[in-house]
Amino acid sequence: MSLHTPRRSPVLVTGAAAVLSLSLAACGTGSDTPAGEPETPDDPVELRMTVWTADETQLAQFQEIADAYVEANPELVSGVTFETVPFEDYTTSLTTQLAGGNAPDLGWILESYAPEFVSSGALVDLAPTLQATEEYAYDDLLDSSLALWGEDDALFAYPFSNSPFAVFVNTDQVAAAGAADPAELVASGEWTYDEARDVATAAAAESGGQGLVVRDFEYQVWENLSTVWEGWGAAPWSEDGTQCTFTDPEMVEALTWIHDATFVDGAMPGPGTTADFFAGDAAMTITQISRASSLDGSFAWDVVPLPAGPAGQQNVIGQAGIGVFANADTPQIAADFLAWFTNPENAETLAAYFPPPRESLLTSATLAAANPLLSEEQLQAVVVEGVQGAVTKPAHQNFARLQDTVRAELDALWTADADVEAVLGDVCGAIDPLLAD
Amino acid sequence: MKSDVMSAPTPAPRQDGVRAGAAGGRRPDRQVDARARADSSARLRRRWGRAGLVALLVVLSIPFVFPTWWMVTSSLKPMSEILRSVPTLWPQDPSFAAYGEVFDLQPFAQQYWNSLYVAVLVTAGTILVSALAGYAFARIRFPGANALFVLVLVGLLVPSEVTIVPLFRMVNSLGLIDTHWPLVVIPIFGAPSVLATFIMRQFFLGLPGELEEAGRMDGLGRWGIFWRIAFPLARPAIAAVAIFTFLKSWNLYLEPIVYLSSRENFTLPQALTQYVDAYGGPMWNVQLAATTLTVLPVLAVFLVAQRQFVQGLAHSGLKG
Amino acid sequence: MVTSASAVAVAAAEQTGRRRRPRRSAATRRDWLVGYTMVAPQVLGALAFVVAPLVAVFWYSLHEWNVLANTFTFAGADNYERMLADPGLRDSLVASLWFSVGLVALNISLALVLAVLLNQKLPGTTTFRTFFFSPVVVSLVAWTIVWSFLLQADGGINGFLATVGIDGPNWLRGEATAMLSVIVVQVFKNVGLNMILFLAALQAVPVEIQEAARIDGASAWRRFRSMTLPLISPTILLVSILTIVGSLEVFAQIAVLTGGGPGNSTTVLVYYLYQQAFRFNDFGYASSISVLLFVIVLVLTLVQWQTRKRWVFHEV
């Protein structure tokens, strides 16, 4: 029956007059930088971390690590909760919580939005805390992994997950279609996108299901296609984020390939078709290695690196960071918890699903111990080598707007008779003003 | 005329289809024979025409009824059958598994309760606020009444989307984000209740002054007249307000997604859209099971009370 | 839309009420005080939750405001200038226009057809009436979810079309079919309400007039066109205008069915407003769109009042 009362003490402002003078001071950015041991609060605090995974195994693992922290620091923290916010609305929900003065203590952040969060001042600099934490081995963190998440020496979020994109293969379906085995193609150096397409076409024709699914693309989340177009060396915009490069020949070729694979060869599912690789609906899927947890053993499978495109093979990783919000009640304690959550020991545990940005842990032996599902060879080929020299998915300081604008323009591409070049011209026309901002 | 508004739920002199159905085109006996014969062939033709009309009604019913059927049956299907290329009207192997998942994935019972108690509070609060204001605006002459009434009327012109941003800021500065307070308080006092106040005022305007006079003779003061006489008499208007207000609160979507962020606080419409797997893929059978659980109880209440529902609406709507 | 129904109720109730003023009661100071006390909750509520936010929206619309970056700077008419040059806003106005026109045309004509059919005293009328009305009480989001399931490329509707050899379109992804789908889903949801209102109007048409015309040998269509239709035309007009105003507030349907796509073809004004505010954290620009929405509703409402005055005059 109770109306839930908020955790934080309300700024009591009442009456119509107050509405008119809505004070913006109420949501000022905290600039206190935590370093070293946090001060002990009067009462132990309750920490909240927003995540987008709903996987119970993963959540249980987090909780276990968190409970150990609570046990070790009962005077600081009384409990840690992991709040699942659906992936689809994750960033919107998170920013709404922030704007609403209901900031979580910690939160996962998608790499695409990293520049926006890093530059906004909404996050606390973690470097001092992490560096001051004993046995944290800050220098073990890969510089290349941190690049997106920091400015100068500051680090605004810890990239806990550096999950390479790979191709999961339903070997039952591929074998049934009598198509070439992707693993053998990899071995013989013939694992290209064209080959992958042919395997997919054959398998789909045989099974009546789908061939190759770019997971979570769903004709909305176009940035996931970057796993494919990186094989052509294509990118949506220039490195500094000021020039549209959708019309560059690499991108035109890459998207033409995707378009034809979908509408000519039937190798990829068309718009509005639901196909879940892990439910056995498709022969292959491009997704992150952390999805291995969705495999339930109902079919034989393999995992291979991304195929090579005309520009060679390019590894792509999806990163996710954990940040501490400046507007939370106790950023110092939250940062201290983060230092625990991601210390070498726990990073090794989490490596089961989230390859850590730690050089010492990126060995197939370490990863194999945490990943019983994957063989050491698979891990070596896909993860260890996958993280090296990998690029991340597109990111930009104005990503939310860009995402939506490009999504809207690309919709014209997803018909059988689309004019790829013209559509991409329109994409650039639409996003040029946004990039110029 | 005013009695029409007051007598809203009276079932009396309506030409209801079922009752009148058998009596199509009967006429007094004093028709001449020839006329009657011509009439009978015309009647035959009409009967066929009527059968055609009934068939038309059956066809037209499909888009209204079929979605509900499809929702219920699909919620009993496993994922492998749910998007089958040859659709099945009845699940081959009905299973309630999805219903279990509804409660596993989200605190659905809690969300159900949230929607219910918010809607009940809003309905009760709105009735009270709007009856008081409606009565005063209609029956009490006090300086500035018209100006105040016009001020209130502005609420009719403001879609909730227009003021969502400042209201969000206000709720935020009061520290009430992710609570149910804004979903309860704003509708009771804000724009949504203005409509109710309007309906109430119009009703009370039509109340015969003699009734109040009698109350005054019995020694009742203003408040006594309101509580003992006017308010009880306003039942038809209250019923209309209650139905609209409850449904509106029950359907609220934009406001919850703006104000609420944690699952245990979600209301039903918001919760329904959250039945997706960890990465946004749809889980149709679970979503449809949750939808079924949301829809059927309200539908059942409607079927039981539909006569009052529809008639009340029709009467308050168009007579006068 | 529930709103539109209640607005009809208001409109009608208002007319009824207008006929007679209450007898003047003794305006004692005590009575005044009771009056002020009684209206206080509503008046203060309207001030706090309607008038003040409206003023605030105007104020915000003059500012550049990013919530995440926490910047709030006076920008004069910048947001309004931006509106003029914003192709996204233009698209959303076009989408809103299409939606409103399509909705009103389909909704009114179907409601009328249903009401006329139900007024024929056919067997089973009550059951059919219940069928047609039942979606009105179904939760809007629930109804929309079920339809979105039916309208998937591999969903129920195309499944049934396939069994009779028709290759159904990808309803929610085609530019023309997406808007059509949103409209149709909304029509089936709420047409029952308008149907009931029309039915009540039809039943208020005096039976004697109908009988007389029938004896004169006028065909059913003629009777309907030249007699019934004019008599219920005030209702049609009123219901149309209210449906238009209601159609501007469509949000949940778009969010669930199409997310504004394909392209921006179903990004109606309110959805665009939501995106600017809560997806792009651009509250200043969103506020200027709110002002635009308010002005549109204001104009439509004024038109409605004008029109109603005219037909009331005619009727008398």
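Chains A, B and C are the protein sequences, given in the same order. Sequential numbering from 1 applies to the first sequence in our numbering. Sequential numbering from 438 applies to the second sequence in our numbering. Sequential numbering from 758 applies to the third sequence in our numbering. C-beta atoms are modelled at their ideal positions from N, C-alpha and C, and glycine is treated no differently.
Cα-Cα separation between residue i and residue j, rounded to whole angstroms
i         : j        : result
B:Leu493  : C:Leu863 : 17 Å
B:Met654  : B:Trp660 : 14 Å
A:Ser364  : A:Arg358 : 13 Å
A:Glu218  : B:Arg638 : 52 Å
B:Ala676  : B:Val555 : 18 Å
A:Asn224  : A:Tyr113 : 14 Å
A:Val420  : C:Leu918 : 31 Å
A:Asp437  : A:Trp237 : 14 Å
A:Thr29   : A:Thr84  : Confidence is the limiting factor: at A:Thr29 the pLDDT is only 38, short of 50, which leaves the residue's position unreliable and the question unanswerable from this model.
A:Glu409  : A:Ala430 : 8 Å
B:Leu594  : B:Val496 : 39 Å
C:Gln1061 : C:Met840 : 27 Å
A:Gln397  : A:Asp240 : 10 Å
A:Gly425  : A:Ala234 : 15 Å
B:Lys642  : B:Ala674 : Per the sequence shown, the amino acid found at residue 642 of chain B is Leu instead of Lys. If you take the alpha carbons of B:Leu642 and B:Ala674, they lie about 12 Å apart.
C:Thr1064 : C:Leu854 : 20 Å
A:Phe391  : A:Leu362 : Going by the sequence as given, residue 391 of chain A is Val instead of Phe. Cα to Cα, the separation comes out at about 17 Å.
C:Leu956  : C:Gly802 : 36 Å
A:Ala422  : A:Trp257 : 15 Å
A:Ala26   : B:Ile614 : Unreliable placement is indicated for A:Ala26, whose pLDDT of 36 sits below 50; the coordinate value is still reported in the next sentence. Answer to the nearest angstrom: the Cα atoms are 13 Å apart.
B:Ala633  : C:Gln909 : 39 Å
A:Ile333  : A:Asn102 : 17 Å
A:Thr415  : A:Phe263 : 8 Å
A:Val316  : C:Thr934 : 37 Å
C:Ile1046 : A:Ala283 : 47 Å
C:Ile865  : B:Phe663 : 40 Å
B:Val732  : C:Ala899 : 7 Å
8 Å contact criterion, which residue i and residue j should meet: CB distance rounded
i         : j         : result
B:Pro726  : B:Tyr536  : First, the amino acid is wrong: residue 726 of chain B is Ala here, not Pro. That belief holds up - the Cβ atoms of B:Ala726 and B:Tyr536 are roughly 5 Å apart, short of 8 Å.
B:Ser567  : C:Gln799  : 7 Å
C:Val814  : B:Pro603  : 6 Å
A:Ala320  : A:Glu111  : 7 Å
C:Asn1038 : C:Leu825  : 5 Å
A:Ala180  : A:Val167  : Not confirmed; about 13 Å, so no contact.
B:Met516  : B:Asn722  : 6 Å
C:Thr852  : C:Val1025 : The amino acid occupying residue 852 of chain C in the given sequence is Ala; Thr does not appear at that position. The pair is a contact, with the Cβ atoms about 5 Å apart (cut-off 8 Å).
Partner residues on chain C for residue i, Cβ-Cβ distance less than 8 Å
i        : result
A:Glu39  : Neighbours of A:Glu39 on chain C: none; closest Cβ ~25 Å, over 8 Å.
B:Leu490 : Leu874, Gln877, Leu879
Interface residues of chain C facing residue i [CB-CB closer than 7 Å]
i        : result
A:Ala279 : Neighbours of A:Ala279 on chain C: none; closest Cβ ~14 Å, over 7 Å.
B:Gly592 : Ala803, Val807
B:Pro673 : Near B:Pro673 there are no residues of chain C at all, since even the closest Cβ is about 10 Å away, more than 7 Å.
A:Asp411 : Gly1018, Pro1019, Gly1020
B:Met508 : Val903
Chain-ordered neighbours of residue i on chain B, where CB pairs are closer than 9 Å
i        : result
C:Glu932 : Correct list: empty, because the minimum Cβ distance to chain B is about 22 Å.
C:Asp722 : Nothing about residue 722 of chain C can be reported from this structure: the residues present for chain C run from 758 to 1073 only.
Contact set between residue i and chain A, taken where Cβ atoms lie within less than 8 Å
i        : result
C:Ala910 : Gly270, Pro271, Gly272, Thr273
Partner residues on chain A for residue i, Cβ-Cβ distance less than 7 Å
i        : result
B:Asn722 : Residues of chain A passing the Cβ test: none, with the nearest at roughly 12 Å.
C:Arg839 : The contacting residues do not exist; C:Arg839 stays about 11 Å from chain A at best.
DSSP bridge partner residues for residue i (one or two, in chain order)
i        : result
A:Pro164 : A:Ile317
A:Arg48  : A:Thr81
Within chain A, partners of residue i - CB distance below 9 Å
i        : result
B:Asp655 : Going along chain A, no residue has its Cβ under 9 Å from B:Asp655, so there is no contact; the nearest lies around 38 Å.
C:Leu937 : Those within 9 Å of C:Leu937 in chain A number zero; the least Cβ separation is about 15 Å.
Closer than 8 Å at the beta carbon, the chain B residues around residue i
i         : result
C:Glu1006 : Pro596, Ser597, Glu598
Closer than 7 Å at the beta carbon, the chain B residues around residue i
i         : result
C:Ala1034 : Val602
Partner residues on chain C for residue i, Cβ-Cβ distance less than 9 Å
i       : result
A:Arg48 : What A:Arg48 touches in chain C: nothing, since even the nearest Cβ is about 19 Å away.
task = Please list the residues of the segment 687-716 of chain B that have a C-beta atom closer than 7 Å to any C-beta atom in chain C, keeping them in chain order.
result = Trp687, Asn688, Tyr690, Leu691, Val695, Leu705, Pro706, Leu709, Thr710
key: Interface residues of the segment 791-813 of chain C facing chain B [CB-CB below 9 Å]   = Val791, Gly792, Tyr793, Thr794, Met795, Val796, Ala797, Pro798, Gln799, Val800, Leu801, Gly802, Ala803, Leu804, Ala805, Phe806, Val807, Val808, Ala809, Pro810, Leu811, Val812, Ala813
ask   = Using Cβ-Cβ distances below 8 Å, what residues of the segment 944-963 of chain C are close to chain B?
value = Phe945, Gly949, Leu950, Ile953, Leu954, Leu956, Ala957, Ala958, Gln960, Ala961
query = Which residues, taken in chain order from the segment 1039-1050 of chain C, show a beta carbon closer than 7 Å to some beta carbon of chain A?
reply = none
request  = Taking only beta carbons into account, state which residues of the segment 69-98 of chain A come closer than 7 Å to chain B, listed in chain order.
outcome  = Glu83, Pro86, Phe87, Glu88, Ser93, Thr96, Gln97
request  = Note down, in chain order, all residues in the segment 896-922 of chain C with a beta-carbon under 8 Å from any beta-carbon belonging to chain B.
outcome  = Ser896, Leu897, Val898, Ala899, Trp900, Ile902, Val903, Trp904, Phe906, Leu907, Gln909, Asp911, Gly912, Gly913, Gly916, Phe917, Ala919, Thr920
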